[in-house]
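If you read the protein sequences in the order shown, they are chains A and B. When you read off a place in the first sequence, starting at 1, and then add 4, the result is the number in our numbering. When you read off a place in the second sequence, starting at 1, and then add 14, the result is the number in our numbering. All residues carry an ideal CB built from backbone N, CA and C; glycine is no exception. Just below is one structure, and these are the notes that go with it.
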Amino acid sequence: MTADPFTLWHPVASEHDVPYRHVHHGQLLGRELAVWRADDDFVNVWENRCLHRGVRLSIGSNDGTELRCQYHGWRYANRSAGCTYIPAHPADAPARTICNRTFPTMERYGLVWSGEEPVGEPPTVDVLEAGTPFGLRNLPVHAPADLAVRHLQAHRFLPSDRLDSGSVAMSVEWADEYSVALTAATTDTDDGSASTAVFFVQPVDSGRCVIRAVLAETPAASDQMAVLRHHATELNALVARIEAEAALLPAPEPMVPVLQQVPLHLAEVPEAPSGRQAALRVQVRRKWETAAGVAAFELAPIEGLLPTFQPGAHIDVHLPNGLVRQYSITNGPGETSYYRLGVKLEPDSTGGSVCLHSTVREGDVLAISEPRNNFPLRRDSMRTILLAGGIGITPLLAMAQALDRMSLDFELHCFAQSAEHTAFSDVLDGLGESVVRHLGLPPDETVAEIRRLVAAPDEFTHVYVCGPGPMLEAARREAAAAGWPDDHVHFEYFKNTTEIDDSSTFEVALARSALTVTVPSGSTILEVLRESGVPLPSSCEQGACGTCVATVLEGEPDHQDVYLNDSDHQAGDRIMTCVSRALSDRLVLDL
Amino acid sequence: MAGANSECQNGAVLDQWHPLGAIDEAEPNVVHVTRLLGESISFAVTPEGRSAAWRTRGDLAAGMPVDPESVAGTLPSRCEFLYVWTSLGDPPERSFEIPEFFEPDRRNFNACTIGLHTSAPRAVENFLDMGHFPFVHDGLLGSEPRTEVVDYNVHVDGDTNEIWATECQFWQPAASATATEGQMVDYIYRIMQPYSILLYKSCPAAPERMDLIGLFVQATSEEHCRGHMFLSLIDDESSIGHIRRFVQTIFAQDVPIIENQNPKRLPLDPQAETPIRSDRASILYRRWLSDLGVTYAVIPAA
């Protein structure tokens, strides 16, 4: 009984076929393969076809981490073969998984092994395991694999250290459907010289194969050229004999590989995105590591000027993986030819910071929103206290530079793990003595330090805080305890960690649009209004950024955001439509 | 019956008019031999622009002198829009209209005829595609990072059953042979028949008018074709040689890409490939081919 070739491992390339930054065109059992080595040494074996328009990926380019299709610049990731970027739609890369077909892969004995649906592992060959395998030149053969295997069993060569030998005895160590192992031993002397070679035959198509030969022992360096030449000569002669016989046989029908269908949801043209819009296109002009785990980006306009921003403003960045994330602009006054962002790699990232750190690179086009400022800086106070926790430095850096330029009195307190973890140190250094660094403080000392910094409320001072949730809560608590009025302490949250209760059902009437809609449980006001054709601007959509605010004319809001402060919540005249709901049966909004 | 003795058995394709070659490039009153739908086809033109086409036969070999009007047993043929056209079935009286062609100040000529090892519809679809400009025609029709394809409209005209893609725009560093700087260029695409497509493009010399660039594809077999590049331009300045060189450069950049598409026949099954929004025109084209009953040079949907 013969094994199903589709369940076997076969060699599809040799190590030297897949140098860095190259794409090797392979073929196995009729199917074309794109074989490429990433810089992390993983060898990818993929269907040789871009899912978009069927162009061979073997004519694409390998940049070390991704394979780029030559036709439309689609990029596919190392290992997963997931599409990471579609240049035709930089604004709205759909959040769907376009994934190329991959095949299992393993390197062994200097060969790259793969298969359609291989079972287990590539063959283990004792003589190669015990030896020092040495790859010979590959020979493509215009003949079926079984014919090559049959001829190989009668193949002859000389032991590596006795290429002058006059007479050898050949023995077949074993032969199966796709491999043959031969030993050549001298018989004209009794020095016992012998070499074993294993010949793997890759079935390229029904009428074509590649002989990939491996010597069990690596010859002495000085002999290698001679050994290679000897085997090349003998194998060339063998191939000529195989092809001569194949020419006499009827040509077999070529194998027709079945190309997988793409899933239904990928077969349809996606709708234009609704909701958050990204009006601007920018190019990543520079990307660098500004602190441990923090990547900085300079985003430059593709044409024209970038819209004006104010200190505290953020932009939505529409990422190639379909996610939308908010980042503060860190620029100082006058730095208008680019937006500079700082992005911390979050260990529990849901894909935003990971994408920016690992996928987005210099030269890429990103879609971003216009800047919005929900964290405005008052410049009419006698003194300003800026409290930055970790990556919370970003909006405060813009504020500090603005205050510095206007010669207004401020102090910027940077809480960070260490100097290495302090982002944009170069900019901070330029701000001189207004910057105070608090490095490596444990949580309780951080709280004590914040308590000390906000100990003396005064009506001519404003406090701005941005950092992780616990720090913000501490600042909120300490400031309240010290007697600061709510409207003198300003917060920017990274995210809203409140657990959102969206179980209620209520009515929303729009005073200006004369429209009444029902918001069912599980939907937000923002979503329902959007579906009804009343688009509201939004950004973080989790009650942290303040973009989707609406004025409440009637009814009692059920606040679930962290953007509005306690006094705002009590006043009840504004609502964050992305998370907050109604305690009353009905809300009337000024929309 | 149409197609009874044809290699191609697809009535929807047999009944079309197919281009055989540029009139200007065919020496008059001489037998020219080419291929169409898997068959050898001969044709000849008179100096006055009348034509005859027939299935190649031994008594009229390539290069022999012939009076086209005396050939018996001919196929339907016509000289129109720079080319000799024929049909292996029952073609319609009129093929399609190009009113602009007859405007007196236009320069109409065949820019090139290029053989391609791919199917005719793959060539048409490539011609319809803007997304590849920055990658395949870098520095000419597009340039990174200006890669975005903005949404456009596409529909089938109810009267003529032609596909129109309108309000297409793309940023181009050197949109034409006369362009000296980058600009946003307006495009309209029009597919008149399964293997013929026309592009209307904003004209640098006359902002209110449009240049016409056509790709009339001669399907020599299911997986081979010849692309005839039709030009109707408002451009008094450039030499024909200069324009031809520009067009041929563009075409030559496409060849290695479209000859590396797998499969070569255009798959009409929606699940064969993955479209994005910028592919709405090609998706409609594939559906339209299915609706017309085209099975030649395509892989029909199951």
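Cβ-Cβ distance between residue i and residue j below 9 Å
i: K278 (chain B); j: T132 (chain B); result: yes
i: T551 (chain A); j: R376 (chain A); result: yes
i: G316 (chain A); j: S332 (chain A); result: yes
i: R480 (chain A); j: F498 (chain A); result: no
i: A185 (chain A); j: A201 (chain A); result: yes
i: D570 (chain A); j: M580 (chain A); result: no
i: T163 (chain A); j: A220 (chain A); result: One point to set straight first is that residue 163 (chain A) is Pro, not Thr, in the sequence displayed. Cβ atoms of P163 (chain A) and A220 (chain A): not closer than 9 Å.
i: A75 (chain B); j: L245 (chain B); result: no
i: D209 (chain A); j: L33 (chain A); result: yes
i: R285 (chain A); j: I397 (chain A); result: no
i: A92 (chain A); j: I290 (chain B); result: yes
i: V440 (chain A); j: N500 (chain A); result: no
i: P539 (chain A); j: V532 (chain A); result: no
i: S542 (chain A); j: H318 (chain A); result: no
i: L390 (chain A); j: H417 (chain A); result: yes
i: Y201 (chain B); j: M144 (chain B); result: yes
i: D165 (chain A); j: A224 (chain A); result: yes
Residue environment, residue i, which counts as buried when at least 16 other CB atoms sit within 10 Å
i: W78 (chain A); result: buried
i: S54 (chain B); result: exposed
i: L89 (chain B); result: buried
i: V321 (chain A); result: buried
i: V218 (chain A); result: buried
i: F116 (chain B); result: exposed
i: W50 (chain A); result: buried
i: H256 (chain B); result: exposed
i: G153 (chain B); result: exposed
i: T190 (chain A); result: buried
i: R585 (chain A); result: buried
i: Q275 (chain B); result: buried
i: A99 (chain A); result: Note on A99 (chain A): pLDDT 41, under 50, position unreliable in the model; the coordinate value appears next. With fewer than 16 other Cβ atoms within 10 Å, it is exposed.
i: V176 (chain A); result: exposed
i: F46 (chain A); result: exposed
i: L247 (chain B); result: buried
i: W99 (chain B); result: buried
i: T520 (chain A); result: exposed
i: W117 (chain A); result: buried
i: A468 (chain A); result: The identity of residue 468 (chain A) in the sequence shown is Tyr, whereas the question assumes Ala. Y468 (chain A) comes out buried.
i: L28 (chain B); result: buried
i: Q23 (chain B); result: exposed
i: H596 (chain A); result: Nothing can be reported for residue 596 (chain A), as the shown portion of chain A is limited to 5 through 595.
i: S422 (chain A); result: exposed
Cβ-Cβ separation, residue j to residue i (assumed contact under 8 Å), whole Å
i: E366 (chain A); j: V288 (chain A); result: 5 Å
i: L226 (chain B); j: Y214 (chain B); result: 6 Å
i: L445 (chain A); j: F419 (chain A); result: 7 Å
i: F265 (chain B); j: M206 (chain B); result: That pair is no contact at about 20 Å.
i: I271 (chain B); j: Y75 (chain A); result: 5 Å
i: I90 (chain A); j: R160 (chain B); result: So it is not a contact: roughly 15 Å between Cβ atoms.
i: L3 (chain A); j: V512 (chain A); result: Residue numbering for chain A in the displayed model covers 5 to 595; residue 3 (chain A) lies beyond these limits and cannot be assessed.
Chain E contact for residue i (CB, 9 Å cutoff)
i: D293 (chain B); result: In the structure shown, chain E does not exist; the protein chains are A and B.
Residue i, enclosing beta strand (DSSP E) - first and last residue
i: A371 (chain A); result: 369 to 372
i: Y343 (chain A); result: 343 to 348
i: L247 (chain B); result: 239 to 247
i: I128 (chain B); result: 121 to 130
i: I246 (chain A); result: Careful: I246 (chain A) lies outside any beta strand (DSSP E), inside the alpha helix (DSSP H) at 228 to 252.
i: S65 (chain B); result: 65 to 69
Distance cut-off 8 Å: residue i Cβ against heavy atoms of the ligand ZN
i: C182 (chain B); result: Among the components of this structure there are no ligands whatsoever, and the ligand ZN is therefore not found.
Residue range of the alpha helix (DSSP H) that includes residue i
i: L298 (chain B); result: 294 to 306
i: E265 (chain B); result: It is Phe, not Glu, that sits at residue 265 (chain B) in the sequence shown. F265 (chain B) -> alpha helix (DSSP H) spans 254 to 272.
i: R590 (chain A); result: Run containing R590 (chain A): none in the alpha helix (DSSP H); it sits in the beta strand (DSSP E), 590 to 593.
i: P148 (chain B); result: 147 to 150
i: P135 (chain B); result: 134 to 141
i: E531 (chain A); result: 529 to 535
i: H269 (chain A); result: 268 to 271
Unbroken beta strand (DSSP E) runs of length 3 or more, entirely within the region 381 to 420 of chain A: which are they?
-> 387 to 393, 414 to 420
Entirely enclosed alpha helix (DSSP H) segments - the region 168 to 222 of chain B, minimum 4 residues = none
Going along the chain, which unbroken runs of the alpha helix (DSSP H) with 4 or more residues stay wholly within the region 423 to 511 of chain A?
-> 429 to 433, 447 to 457, 473 to 486
Please list the segments of the alpha helix (DSSP H) lying wholly inside the region 24 to 58 of chain B, counting only runs of 4 or more residues, in order along the chain.
-> 25 to 28
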